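To start, the structure itself, in structure tokens.
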Amino acid sequence: MRKQHPVDALCDLLLDEELRVSYFADAVDARTIPDLIAHPLYMVGSDALLIGDFPPPMGYGCFFP
Numbered sequence: 002m003r004k005q006h007p008v009d010a011l012c013d014l015l016l017d018e019e020l021r022v023s024y025f026a027d028a029v030d031a032r033t034i035p036d037l038i039a040h041p042l043y044m045v046g047s048d049a050l051l052i053g054d055f056p057p058p059m060g061y062g063c064f065f066p
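Each residue of the sequence shown is one higher than the one before, counting from 2 in the working numbering.
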């Protein structure tokens, strides 16, 4: 285990792997959502592309129209 701040470890991982890093997480327990979104460093994001007449549903809530 590295003895460094998690953000520094993540940056090192991204550099070492030339940004070819994936992450997958199971659905979050709905009871934890209020605590998550209250955290000052929490950010909602999606890799969905909002193009065309039928944007993917993964993008809703992540982008302003």
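Glycine residues also receive a C-beta, built at the ideal position from the N, C-alpha and C atoms. A quick note: this is a predicted structure, and the numbers were derived from the prediction, not measured.
- Contact annotation, A10 with R3: C-beta distance approximately 5 angstroms; criterion of less than 8 angstroms satisfied.
- Under the three-state reduction of DSSP output, R21 falls in the coil class, being neither helix nor strand.
- Straight-line measurement puts the Cα of H6 at about 12 angstroms from the Cα of L14.
- With contacts defined as CB atoms closer than 8 angstroms, L50 and Y43 fail to qualify as a contacting pair.
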